[in-house]
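**Q**
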DNA sequence: AAAGTTCATATTGTATACAAGAAATCATTT
DNA sequence: AAATGATTTCTTGTATACAATATGAACTTT
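Protein chains in written order, with the numbering used here: chain C, 1 to 222; chain H, 223 to 444.
1) Counting pairs of beta carbons, one from the segment 299-310 of chain H and one from the segment 136-154 of chain C, are three or more of them closer than 8 Å?
2) Per DSSP, what kind of secondary structure is residue 163/C in: helix, strand or coil?
3) Verify whether the separation of the beta carbon atoms of residue 327/H and residue 405/H is less than 8 Å.
4) List, from N- to C-terminal side, the alpha helix (DSSP H) runs of 4 residues or more that fit wholly inside the segment 171-197 of chain C.
5) Which whole-angstrom value is the C-beta distance of residue 10/C and residue 47/C, which I expect to be below 8 Å?
6) If I'm right that residue 274/H touches residue 281/H with Cβ under 8 Å, what's the distance once you round it to whole angstroms?
7) Do residue 134/C and residue 112/C have their C-beta atoms closer together than 8 Å?
8) Quick check: the Cα distance between residue 163/C and residue 108/C, rounded to an integer number of angstroms?
9) I need the straight-line Cα distance from residue 72/C to residue 158/C, nearest angstrom please.
10) Determine the DSSP secondary structure at residue 261/H, reduced to helix, strand or coil.
11) For residue 67/C, which residues in the same chain have their Cβ closer than 8 Å to its Cβ, ignoring the five residues on either side in sequence?
12) At 9 Å on the CB atoms, spell out the chain H contacts of residue 81/C, in chain order.
13) Could you check if residue 370/H is buried or exposed, using at least 16 other CB atoms within 10 Å of its CB as the buried criterion?
14) Pick helix, strand or coil for residue 65/C, following the three-state DSSP scheme.
15) So with CB distances below 8 Å, who are the chain H contacts of residue 46/C?
16) DSSP on residue 229/H, reduced to helix/strand/coil?
17) Can you say whether residue 125/C is buried or exposed, counting buried as having 16 or more other CB atoms within 10 angstroms of its CB?
18) Beta-carbon separation of residue 91/C and residue 138/C under 8 Å?
19) Spatial neighbours of residue 177/C within its chain, please: CB distance less than 8 Å, with the 5 preceding and 5 following residues excluded, ordered by chain position.
20) For a minimum of 4 consecutive residues, which ranges assigned as the alpha helix (DSSP H) are wholly contained in the segment 302-360 of chain H?
21) Mind pulling the chain C residues with CB within less than 8 Å of residue 300/H?
22) Rank 140/C, 80/C, 129/C and 198/C by C-alpha distance to the C-alpha of residue 98/C and give the top, closest one.
23) Among the residues of its own chain, which have a CB less than 8 Å from the CB of residue 301/H, if the five just before and after it don't count?
24) With 8 Å as the threshold, decide whether the Cβ of residue 74/C is near any Cβ in chain H.
25) With a Cβ-Cβ cutoff of 8 Å, do residue 94/C and residue 188/C count as a contact?
26) Only counting the same chain, and skipping five residues up and downstream in sequence, which positions put a Cβ closer than 7 Å to that of residue 401/H?
27) Compute the beta-carbon to beta-carbon distance between residue 261/H and residue 284/H, rounded to the nearest angstrom, for a pair I have assumed lies under 8 Å.
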């Protein structure tokens with residue numbers, strides 16, 4: 001296809017937002033971006049509109065665009081949905097996974113667990129991502145896969161808020177092992193339950209509590 | 223806020239796509255749209271970009287925009303996710319619904335069942351929608367609610383394809399009654415399971431559904 | 001000196017002009 | 001007459017110019 005400049009720019013900005021190079025709340029000046037990419041403001045505006053629709057950018061009428069900010073409440077809600085989507089992936093994967101996919105999943109799991117006890121956190125994170133994506137794929141529902149990965153992307157700018165709990169890596173790996181077993185053995189209900197528990201932060205009860213709080217308790221995160 | 227023309231136009235086109243005034247595959251000529259709304263092509267392009275990001279419009283590089291077409295595979299996958307999202311709404315609603323919301327839900331259910339046996343199909347459809355939205359709201363997860371309603375909107379251009387099976391209205395109403403009971407009595411697991419079964423198109427209904435599809439749904443994935 | 005108002009500046013939103021690529025038409029050839 | 005190729009026309013993609021609104025600074029007023 002003939003790639004327009006706007007469609008080339010979107011992934012670049014998206015990446016910078018997702019990786020945290022551009023922090024939530026940063027102003028996205030159209031003129032500056034236009035100069036930086038050596039294009040006019042027109043494709044920049046199209047790009048920003050796309051990112052806004054994806055939820056990564058916030059466009060305030062007549063007041064310019066900023067990297068999307070989020071409240072704690074939003075974040076909790078999105079994690080809750082994330083747990084459910086990943087749970088659905090796991091459940092469907094348990095029922096639909098092919099023999100070849102089983103092999104790939106098992107080896108990804110082995111590679112992951114081999115890193116437990118080491119200090120290769122970044123590598124573990126990457127492998128962890130691969131493992132999860134293999135599960136998404138094994139659901140054999142491309143729409144579901146896309147939605148799940150989109151939400152993951154949208155959450156990623158805020159992941160640094162997550163606490164690094166000591167020993168979390170080891171227990172996470174153990175949970176993965178259980179989950180992979182459940183999927184490979186075709187236990188759909190168990191796979192779903194394990195995933196929900198695995199992804200959910202501090203238990204759903206905490207979200208229950210938050211959801212009952214008046215809005216003004218939870219203002220925007222810087 | 224000071225509404226830009228583009229942000230005014232998006233809902234209009236969205237509505238026409240959702241209601242089927244603009245059918246899937248229809249070309250969306252920028253110049254024609256610009257003349258129709260008495261604006262230049264610039265805001266039209268922004269509008270189309272937004273709708274494309276929402277999945278309602280398909281922009282083919284250098285070849286213009288059309289109302290999004292969908293394959294049967296896409297449709298099945300989206301319905302599968304829809305069943306899961308609504309199931310999640312029901313589960314959370316069962317745990318978080320307030321007394322006031324219980325009252326509203328019960329009366330909506332009564333209004334709905336009162337129409338069974340009559341020929342007020344459109345009215346039933348509207349009330350049915352209200353009932354479902356009340357459940358979404360009772361989940362007390364606004365992000366989930368938005369995602370669910372977005373997907374519903376995206377599916378709606380294709381909803382008229384659904385079969386009008388004789389007696390379906392009555393059995394649908396019975397399922398609603400069970401579901402509402404489950405939510406009001408706080409049975410989260412049951413509410414989720416009932417909803418999944420309610421939304422999922424399965425068995426003979428699915429075959430009926432397939433048989434009504436126009437040929438263009440059967441094309442290979444674009 | 002502080003607060004409010006007014007004016008200047010900068011940035012967004014829209015229109016128009018121009019460039020590049022795709023589709024359609026017409027002519028030419030077999 | 002059919003098919004292929006070139007030319008023309010139309011549509012999209014980008015740039016630039018202009019209009020409208022918000023932000024910030026300076027000045028006046030109390």
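Positions of the beta carbon are idealized from the N, C-alpha and C atoms, including for glycine.
**A** Straight from the coordinates:
1) Under the three-pair Cβ rule at 8 Å, the segment 299-310 of chain H counts as touching the segment 136-154 of chain C.
2) The predicted position of residue 163/C is uncertain, since its pLDDT is 49 and thus under 50; a value taken from the coordinates is nonetheless stated next. Here residue 163/C sits in coil by DSSP.
3) Taking 8 Å as the Cβ cut-off, residue 327/H and residue 405/H qualify as a contacting pair.
4) none
5) 5 Å
6) That belief holds up - the Cβ atoms of residue 274/H and residue 281/H are roughly 5 Å apart, short of 8 Å.
7) Residue 134/C places its beta carbon 8 Å or farther from that of residue 112/C.
8) Note that residue 163/C has pLDDT 49, beneath the 50 cutoff, so the model's placement of it is unreliable and no number is given.
9) 10 Å
10) coil
11) Result list for residue 67/C: 17, 22, 23, 24, 25, 26, 28, 56, 57, 58 and 157, in chain order.
12) 307, 310, 363, 365, 366 and 369
13) Taking all protein chains in view, the Cβ of residue 370/H is crowded by 16 or more other Cβ atoms within 10 Å, so the residue is classified as buried.
14) strand
15) Within 8 Å Cβ-Cβ: 267, 268 and 271.
16) helix
17) exposed
18) no
19) These residues qualify, in order along the chain: 109 and 113.
20) As far as the segment 302-360 of chain H is concerned, its whole alpha helix (DSSP H) runs of at least 4 residues are 321-336 and 343-360.
21) 143
22) 140/C
23) Result list for residue 301/H: 377, 421, 422 and 423, in chain order.
24) yes
25) yes
26) If the five residues before and after residue 401/H are omitted, its C-beta is found closer than 7 Å to the C-beta atoms of 312, 413, 416, 417 and 420, all from its own chain and listed in chain order.
27) Residue 261/H to residue 284/H, Cβ: 22 Å. No contact.
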